[in-house]
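Going by our numbering, the first residue of the sequence shown is number 1096, and it counts up by one from there. Cβ atoms here follow ideal geometry from the backbone N, Cα and C, with glycine treated the same way. Taking it in order: structure first as structure tokens, then the write-up.
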Amino acid sequence: MGAYSPAPIVDTSLNQRILKQVIEPTVIGLASEGIPYTGFLYAGLMIGEDNVPRVLEFNCRLGDPETQPILMRLNSDLAILCDAVLDGHIADIDVTWDKRCSLGVVMASAGYPDHYDIGLPINGLDRPEADTVKVFHAGTNDRDGQVLTSGGRVLCVTALGSDIESARESVYSTIKTIHWPGSFWRADIGHRALARQKTEHK
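Right, dumping it as structure tokens:
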């Protein structure tokens, strides 16, 4: 129901460990079985107190809502990157990132993940977004100019900030301006990152 980027727990050392112990062996293993993998590979990981990455799942797609904060920080053109992967030239592309932090929070319909109503009018989307805020649509459709709910996960409000805390504040202040009957969201997204930062600064 929310995500942020970058994850403070993943430093350069741990990132390299994940690549060497999880990602590269997986891709090499697939290739050895005649399945050269091209595309997005989502690794759902759990990092324990021992700092060892443990795989919970793999998906051959982008993660939701993990992708939204990542896209907010991506300065490079995603379409060009995808074409480069397909053409086998991704190693020649210099991918650039916004150094700021980003955080996204999913707004969902009452009853999700079980039964939920659809066709509910969403109010507040007509307000101009700040340059650092983007509302990603998921479970929505349009009827005569009115945006309506069409799924359980409806929107992902995402923002950039100088740190996780400022991105978080922008997201939750924006969420307060958007409403439909029964809308809800988690209020604790980013709290672990903030707690970790406070511990590190002691």
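Given I1165 as reference, the closest of R1195, R1149, I1185, P1276 once Cα atoms are compared: R1195
For L1198 and F1231, the rounded distance between their alpha carbons: 12 Å
8 Å Cβ cutoff met for L1157 and Y1137: yes
Close Cβ partners of M1141 (< 7 Å) along its chain, the five nearest in sequence each way excluded: Excluding residues within five positions, the ones whose Cβ falls inside 7 Å are R1149, L1151.
Below-8 Å beta-carbon distance, I1273 vs any chain B residue: Annotation note: the requested chain B is absent from the structure, which comprises a single protein chain.
Spatially closest choice to H1274 from L1255, R1238, D1221, by CA coordinates: D1221
Reduced DSSP secondary structure (H/G/I, E/B, other) of C1155: coil
Start-to-end residues for the beta strand (DSSP E) that takes in Q1241: Per DSSP, Q1241 belongs to the beta strand (DSSP E) from 1241 to 1244.
Whole-angstrom distance between K1115 and G1206, CA atom to CA atom: 41 Å
Counted within 10 angstroms of its Cβ, other Cβ atoms place L1215 as buried (16 or more) or exposed: buried
Cβ-Cβ distance between V1200 and W1280 below 8 Å: Their beta carbons are under 8 Å apart, which means V1200 touches W1280 by this criterion.
Minimum length 4: unbroken alpha helix (DSSP H) runs contained in the segment 1246 to 1294: Whole alpha helix (DSSP H) segments, 4+ residues: 1259 to 1270.
I1123 classed as buried or exposed, judged by whether at least 16 other C-beta atoms fall within 10 angstroms: If you draw a 10 Å sphere on the C-beta of I1123, you find fewer than 16 other C-beta atoms in it, and that means exposed.
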